[in-house]
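First the structure, in the form of structure tokens, and then the observations on it.
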Amino acid sequence: MMIESLQQSIALAAGAAGVLGLLVGSFLNVVIHRVPRMLEREWAQQAAELRGEQAAHDDRYNLVVPGSHCPSCGHRIGPLENIPLLSWLLQRGKCTACGTAIPLRYPVVELATGALSAIAIWRFGATAEGLGALVLTGFLIALAFIDFDTQLLPDNMTLPLLWLGLLFNLGGVFAPLPDAVIGAVAGYLALWTIYWLFKLATGKEGMGYGDFKLLAALGAWFGWMALPAVILLASVVGAAVGIALMVLVRHGRNVPIPFGPYLAGAGLLALYFREPLAGVFGMA
393 MMIESLQQSI ALAAGAAGVL GLLVGSFLNV VIHRVPRMLE REWAQQAAEL RGEQAAHDDR
453 YNLVVPGSHC PSCGHRIGPL ENIPLLSWLL QRGKCTACGT AIPLRYPVVE LATGALSAIA
513 IWRFGATAEG LGALVLTGFL IALAFIDFDT QLLPDNMTLP LLWLGLLFNL GGVFAPLPDA
573 VIGAVAGYLA LWTIYWLFKL ATGKEGMGYG DFKLLAALGA WFGWMALPAV ILLASVVGAA
633 VGIALMVLVR HGRNVPIPFG PYLAGAGLLA LYFREPLAGV FGMA
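All residue numbers for the sequence shown refer to my numbering, where the first residue is 393 and numbers rise by one.
Structure, rendered in structure tokens:
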């Protein structure tokens, strides 16, 4: 009876986490859409100040203001139009005002966040590990899609993710704190070194500094022993996708492919499949 009750409580907690994850996924769609635009506005404002000009945008624009609206016609999205997954299905993937198609990404992000949130609590329980898994998953999903869209990994997301990893590991939640600190340093330096070796050899930049910071953040969460697995997984998947793009859609070799989504994917694999990967790569 006791084991059955415990299993039921875990199932209920996972279900609740899944529902909460759907709501968080809806918010992550806002983050993915608005954070790059917030950065562009900030950069434009700084450039205008340096030139002694008035900023082009002086209206408030953040994750809350203005309210959710259709980018095409400006239609304000009401509560019934903003129910994760359900609204997209009922509206057949279109704006109710102008009929513009709502990208498939929106329900995909919501579904992925909801599913991974449920898995996190099922896998780790209502513990510090479970909470950490929820936080890390949300950050990685948002960063992956932002980088895919804009080839940017914003400092205002990668750096807090790094500090959060170190804070969780003050109690050794995912890795001993010394391993986490070394992981943060080694993660940054590993890609920094590759960047400069590639640049010296070719005269081109192979990746951005945001990739360094994201790998540093993953090192802070999982410790330095996880870094070889994360780098190898991200590189193999990235190379496979890059080759597929060149062959199938004739993606030009000189067209950059963001590395952040593959790092994020490798981070999620390291989070949820630590034991199998430990056997292959010797992760802690």
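In this text, a Cβ means the ideal position worked out from N, Cα and C, and glycines have one as well.
Extent of the continuous alpha helix (DSSP H) run through residue i
i: L709; result: Because the chain is modelled from 393 through 676, residue 709 falls outside the range shown and cannot be assessed.
i: R549; result: It should be pointed out that residue 549 corresponds to Met in this sequence rather than to Arg. Its alpha helix (DSSP H) spans residues 547-560.
i: G524; result: 520-542
i: D603; result: 601-614
Where residue i falls: helix, strand or coil (DSSP)
i: A656; result: helix
i: H467; result: coil
i: K591; result: helix
i: K486; result: strand
i: L661; result: helix
i: A405; result: helix
Beta carbon of residue i nearer than 8 Å to that of residue j
i: S509; j: V416; result: yes
i: W402; j: W584; result: With the sequence shown as reference, residue 402 is identified as Ile, and Trp is not the correct amino acid for it. No, Cβ-Cβ distance for I402 and W584 is not below 8 Å.
i: A621; j: A582; result: no
i: L610; j: G530; result: no
i: K605; j: L558; result: no
i: G615; j: D547; result: no
i: M549; j: A536; result: no
i: L482; j: V527; result: no
i: L545; j: D603; result: yes
i: G652; j: D539; result: yes
i: A631; j: L655; result: no
i: S418; j: N454; result: no
i: A612; j: L554; result: yes
Nearest-angstrom Cβ-Cβ length linking residue i and residue j, presumed shorter than 8 Å
i: L532; j: P476; result: Contact doesn't hold; Cβ gap of about 19 Å is too wide.
i: A518; j: G563; result: A518 to G563, Cβ: 16 Å. No contact.
i: C465; j: A489; result: 5 Å
i: T542; j: P428; result: 5 Å
i: G506; j: G410; result: 5 Å
i: H461; j: R468; result: 5 Å
i: Y664; j: I511; result: 7 Å
i: M599; j: Y580; result: With 8 Å as the limit, M599 and Y580 do not qualify as a contact, their Cβ atoms being about 12 Å apart.
i: I424; j: V501; result: 7 Å
i: A658; j: L619; result: Not confirmed; about 10 Å, so no contact.
i: A567; j: A608; result: The Cβ separation is near 14 Å, so there is no contact.
Bridge partners - residue i, DSSP secondary structure assignment
i: A493; result: K486
i: H425; result: None; H425 has no bridge partner.
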